[in-house]
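Asker: Residue numbers (the working numbering): 1461 to 1715.
Dumping the structure here so I can ask a few things about it.
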Amino acid sequence: MHPHLPTISYQIDARLKGNIWPLSRVDVWRIDASSLVDGSVRSMKTLDRDELSTLSGLKFPDLKTKYISAHVSVRIILASYLGCDPGGIRFARGRRGKPFISYPTDTRLYFNMSRSGASVLVAVSNGMIGADAERCAGAPLEIAPDIFNSNELEKLNASGSAEIECAFTALWTVKESYLKLSGSGLGVDLTKVRTRNVRSSFWEVEGPPDICGSPATAYQFAMDKNCSAAISWYGQVAEICVYPMLSASALVDVA
Ligand SMILES: CC(C)(COP(=O)(O)OP(=O)(O)OC[C@H]1O[C@@H](n2cnc3c(N)ncnc32)[C@H](O)[C@@H]1OP(=O)(O)O)[C@@H](O)C(=O)NCCC(=O)NCCS
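Shown next, in the form of structure tokens:
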């Protein structure tokens, strides 16, 4: 068990095994890797052959550091639910690359990860889950007509100039988290993915059923003051727990 994860995560293993989690519960972990400097992460020993091969293809040291911190964080967080060694978890990927836990088998534990700048978002659930995080500053407003339909554009244009980048990013994360839920990824006409804000931070999302499956619900929130995020799930959710931001240097093994 990792000393820097809140105690609650240790209890979840027992709750999962006893099948007493609510029908749909999502835990949201946010990791700040900004304190890590290039090459400072030692925990590569927990990564598998595929991860090491991807890592060796990354040219820039800061990309390597971010990749290691994200993947090691995912392993540490999942291991705390599964009660196993972070390096003992095996992953497989769906047709379009969505990773899932293949060992330990029959875990009923789902996850999805997103990276943005130095922030890492990991969503863990007992149902299928999608997660996305994006920086608000410099949002590519010029591509709004390619990704938002007329209703969404109308709402976006009603935002003041000070809020428009955040409004764009919030909506974008809702759509991308839905596409990451289905595993389809971004190779879809995004204007055909429809969003509806049902109450405060909750959205209904629906896309072409042959690509996206059923409609889903999304919860949109802030990773930090510069970064927007969303998670999506099918069916009903009974509980969402967003944990305080964790420092990657406390979580992963740092030189
Ligand atoms: C998935 C996707 C939307 C992620 O985009 P992004 O904003 O650059 O990246 P994020 O930081 O939000 O998420 C990356 C993580 O999402 C997960 N992921 C990868 N593919 C995924 C998919 N199809 N669905 C859901 N999650 C996926 C992985 O954990 C990935 O991290 P990794 O690359 O370090 O393993 C984008 O890569 C995509 O559209 N992929 C599909 C590509 C495709 O069609 N491939 C076909 C051949 S594999």
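Glycine included, C-beta positions come from ideal geometry on N, C-alpha and C.
These numbers were taken from a predicted model, which means no experiment stands behind them.
(1) Helix, strand or coil for residue 1706 per DSSP?
(2) Return yes when the C-beta of residue 1636 is under 7 angstroms from any heavy atom of ligand 1, and no when it is not.
(3) What first and last residue would you give for the alpha helix (DSSP H) that runs through residue 1628?
(4) Pop quiz: residue 1693 and residue 1486 are said to be a contact at Cβ under 8 angstroms. What is the actual Cβ separation, rounded to whole angstroms?
(5) Considering only the alpha carbon of each residue, which of 1516, 1620, 1678 and 1580 lies closest to residue 1703?
(6) Grouping DSSP H, G and I as helix and E and B as strand, with all else coil, what is residue 1611?
(7) For ligand 1, any of its heavy atoms closer than 7 angstroms to the Cβ of residue 1566?
(8) Buried or exposed for residue 1590, please, with buried defined as at least 16 other CB atoms from any protein chain shown within 10 angstroms of its CB.
(9) For residue 1695, count neighbouring C-beta atoms within 10 Å of its own C-beta (all shown protein chains included) and say buried if the count is 16 or more, exposed if not.
(10) What is the rounded straight-line gap between the Cα of residue 1646 and the Cα of residue 1666?
(11) Could you give the first and the last residue of the continuous alpha helix (DSSP H) run that contains residue 1528?
(12) Just verifying my parser: in three-state terms, what is the DSSP assignment at residue 1548?
(13) At what residues does the beta strand (DSSP E) containing residue 1691 begin and finish?
(14) Does the separation of the CB atoms of residue 1484 and residue 1698 fall below 8 angstroms?
(15) Report yes or no: do the region 1621-1628 and the region 1650-1664 share at least 3 C-beta pairs separated by less than 8 angstroms?
(16) Any idea which residues DSSP pairs residue 1504 with across the strands?
(17) Residue 1668: beta carbon under 7 angstroms from a heavy atom of ligand 1?
(18) Residue 1542 to residue 1561, Cα distance in whole Å?
(19) Between residue 1709 and residue 1578, is the Cβ-Cβ spacing less than 8 angstroms?
(20) Quick check: what's the CA-CA separation for residue 1596 versus residue 1629?
(21) Which same chain residues, not among the five before or five after residue 1472, have their C-beta less than 7 angstroms away from its C-beta?
(22) Is DSSP giving residue 1657 helix, strand or coil here?
(23) Check each candidate in 1556, 1535, 1557 and 1516 and name the one with the smallest Cα separation from residue 1550.
(24) Assuming residue 1422 contacts residue 1689 under a Cβ cut-off of 8 angstroms, what Cβ separation, rounded to an integer in Å, is found between them?
(25) What number of angstroms, rounded off, separates the C-alpha of residue 1707 from the C-alpha of residue 1685?
Answerer: In terms of the structure at hand:
(1) Numbered from 1 along the sequence shown, position 246 holds the residue referred to as residue 1706. In this structure, residue 1706 counts as strand in the three-state DSSP scheme.
(2) Locating residue 1636 in the sequence shown gives position 176, counting from the first residue. Answer for residue 1636: yes, Cβ within range of ligand 1.
(3) Taking the sequence shown and counting its residues from 1, one reaches residue 1628 at position 168. Residues 1624-1642.
(4) Your numbering for residue 1693 matches position 233 in the sequence shown. Your numbering for residue 1486 matches position 26 in the sequence shown. Between residue 1486 and residue 1693 the Cβ distance is about 6 angstroms, and since that is below 8 angstroms, they are a contact.
(5) Within the sequence shown, numbered from 1, the residue matching residue 1703 stands at position 243. Ranking the options by Cα distance to residue 1703, first place goes to 1580.
(6) What you label residue 1611 is simply residue 151 of the sequence shown in a count that begins at 1. DSSP, read as helix, strand or coil, puts residue 1611 in helix.
(7) Residue numbering aside, residue 1566 sits at position 106 when the sequence shown is read from its first letter. No, ligand 1 has no heavy atom inside 7 angstroms of this Cβ.
(8) Taking the first residue of the sequence shown as 1, we reach residue 1590 at position 130. Buried, since its Cβ has 16 or more Cβ neighbours within 10 Å.
(9) Taking the sequence shown and counting its residues from 1, the one referred to as residue 1695 is at position 235. The residue in question, residue 1695, is exposed, as its Cβ has fewer than 16 Cβ neighbours within 10 Å.
(10) The residue labelled residue 1646 in the question sits at position 186 within the sequence shown. The residue labelled residue 1666 in the question sits at position 206 within the sequence shown. C-alpha separation (whole angstroms): 14 angstroms.
(11) Numbered from 1 along the sequence shown, position 68 holds the residue referred to as residue 1528. From DSSP, the alpha helix (DSSP H) with residue 1528 extends over 1521-1542.
(12) For the purposes of this step, residue 1548 is taken as residue 88 along the sequence shown, with counting starting at 1. Residue state, collapsed to three classes: helix.
(13) In the sequence shown, residue 1691 corresponds to position 231, counting from 1. That run of the beta strand (DSSP E) goes 1687-1693.
(14) Position 24 of the sequence shown holds residue 1484. Position 238 of the sequence shown holds residue 1698. Their beta carbons are under 8 angstroms apart, which means residue 1484 touches residue 1698 by this criterion.
(15) Contact between the region 1621-1628 and the region 1650-1664 is absent, with fewer than three C-beta pairs closer than 8 angstroms.
(16) Locating residue 1504 in the sequence shown gives position 44, counting from the first residue. According to DSSP, which records beta bridges pairwise, residue 1504 is partnered with nothing at all.
(17) The residue given as residue 1668 occupies position 208 in the sequence shown. Checking the Cβ of residue 1668 against ligand 1 gives no.
(18) To locate residue 1542, count along the sequence shown from 1; it is residue 82. To locate residue 1561, count along the sequence shown from 1; it is residue 101. Taking the straight line joining both Cα atoms gives about 11 angstroms.
(19) Looking up residue 1709 in the sequence shown gives position 249. Looking up residue 1578 in the sequence shown gives position 118. No, the pair does not count as a contact, with Cβ atoms beyond the cut-off.
(20) Reading the sequence shown from its first residue, position 136 is the one you call residue 1596. Reading the sequence shown from its first residue, position 169 is the one you call residue 1629. About 6 angstroms.
(21) On the sequence shown, residue 1472 is found 12 positions in, with the first residue counted as 1. Note that residue 1472 scores 47 on pLDDT, short of 50, meaning its location in the model is unreliable; the coordinates nonetheless yield the value given after this. For residue 1472, where only same-chain residues beyond five positions count, the Cβ hits under 7 angstroms are 1541.
(22) Numbered from its first residue, the sequence shown carries residue 1657 at position 197. Reduced to three states, the DSSP call for residue 1657 is strand.
(23) Along the sequence shown, one-based indexing puts residue 1550 at 90. Of 1556, 1535, 1557 and 1516, the residue nearest in Cα terms is 1535.
(24) Residue 1422 is absent from the structure shown; the chain starts at 1461 and stops at 1715.
(25) To locate residue 1707, count along the sequence shown from 1; it is residue 247. To locate residue 1685, count along the sequence shown from 1; it is residue 225. Answer to the nearest angstrom: the Cα atoms are 16 angstroms apart.
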